[in-house]
Each structure stands twice: as C-alpha cells, then as structure tokens.
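Numbering (this note's numbering), first residue to last: 10 to 111.
We put the beta carbon where it would ideally sit given N, CA and C, even for glycine.
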C-alpha cells in the first residue's frame with residue numbers, strides 16, 4: 010500500500026465547489042424571496058380591491074423587489090460559512106506551498 014501524496018489541486022477544486030455552492034444558495038434564496046414578495050403583493054392587491062392598475066403594478070414591483078433584497082440577504086448569510094470554509098482550505102494550501110519553499 011502506497012502512502013497518499015499531497016495534491017493542492019484537490020483543495021483548490023474543493024474551494025471552487027464551495028464557492029459555486031455559495032453562489033447557488035444566494036440565487037436560490039433570492040428567487041424564494043421574489044416569489045414570497047409576489048405572493049405578498051397578490052394578497053395586498055386582493056385585500057385592497059379598489060386599487061387602480063398603476064397602483065397594482067407599483068405594489069407588485071415594490072413587493073417583489075423587497076422580497077428579492079430580503080432573500081438575497083438571507084442567502085448571503087447562509088453562504089458565508091461556505092465562503093469561510095473555502096478561504097480556510099485555500100489558506101491551508103498556501104501555508105503548505107510556502108512551507109515547502111523554505
């Protein structure tokens with residue numbers, strides 16, 4: 010049985026996958042926020058049935074935008090731990106690279 014060898018490309022690929030997952034989490038939560046904003050807009054428009062069309066469009070646009078911002082904020086908070094793990098892995102690879110140089 011041979012001893013495993015150190016391969017920094019594995020760590021870099023792992024960090025890249027973590028960054029990709031973090032990006033997907035932000036997009037997913039942004040879409041969820043937009044959907045919930047649209048749902049809230051529908052409920053608001055239903056409860057105020059006498060709104061004119063420009064007001065309905067405005068309420069819908071503002072609700073979707075606020076939902077997007079809220080969802081993106083939640084997604085960014087959830088993605089932070091993945092970014093941190095990726096940075097930790099890359100830092101360890103850099104330490105190993107610098108240690109081998111000396």
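TODO: Report the three-state DSSP secondary structure of residue 43 (helix, strand or coil).
DONE: One-based indexing of the chain shown puts residue 43 at position 34. In the structure shown, residue 43 sits in a helix (DSSP, three-state: H, G or I).
Task: Whole-angstrom C-beta distance between residue 81 and residue 34, which should lie under 8 Å - done: Counting from 1 along the chain shown, the entry for residue 34 is found at position 25. Counting from 1 along the chain shown, the entry for residue 81 is found at position 72. With a Cβ gap of about 10 Å, residue 34 and residue 81 do not count as contacting.
TODO: Check the C-beta distance from residue 102 over to residue 21 and give it rounded, since I have them as a contact under 8 Å.
DONE: Translated into positions along the chain shown, residue 102 becomes position 93. Translated into positions along the chain shown, residue 21 becomes position 12. Rounded, the Cβ-Cβ distance is 7 Å, consistent with contact.
Task: Residue burial classification, residue 95 (beta-carbon count within 10 angstroms, cutoff 16) - done: Sequence index remark: in the chain shown, residue 95 carries index 86 (1-based). The residue is buried, with at least 16 neighbouring Cβ atoms inside 10 Å.
Task: Spatially closest choice to residue 91 from 11, 25 and 17, by CA coordinates - done: Taking the chain shown and counting its residues from 1, one reaches residue 91 at position 82. Selected option, being the one with the closest Cα: 25.
TODO: State yes or no: is the C-beta of residue 92 nearer than 6 Å to some heavy atom of the ligand ZN?
DONE: As presented, the structure is devoid of all ligands, the ligand ZN included, so that no description of it is given.
Open item on the list: Less than 7 Å between the C-beta atoms of residue 104 and residue 38, yes or no?
Closed with: As a first step, residue 104 must be located in the chain shown, where it is residue number 95. As a first step, residue 38 must be located in the chain shown, where it is residue number 29. Not a contact, by the Cβ cut-off of 7 Å.
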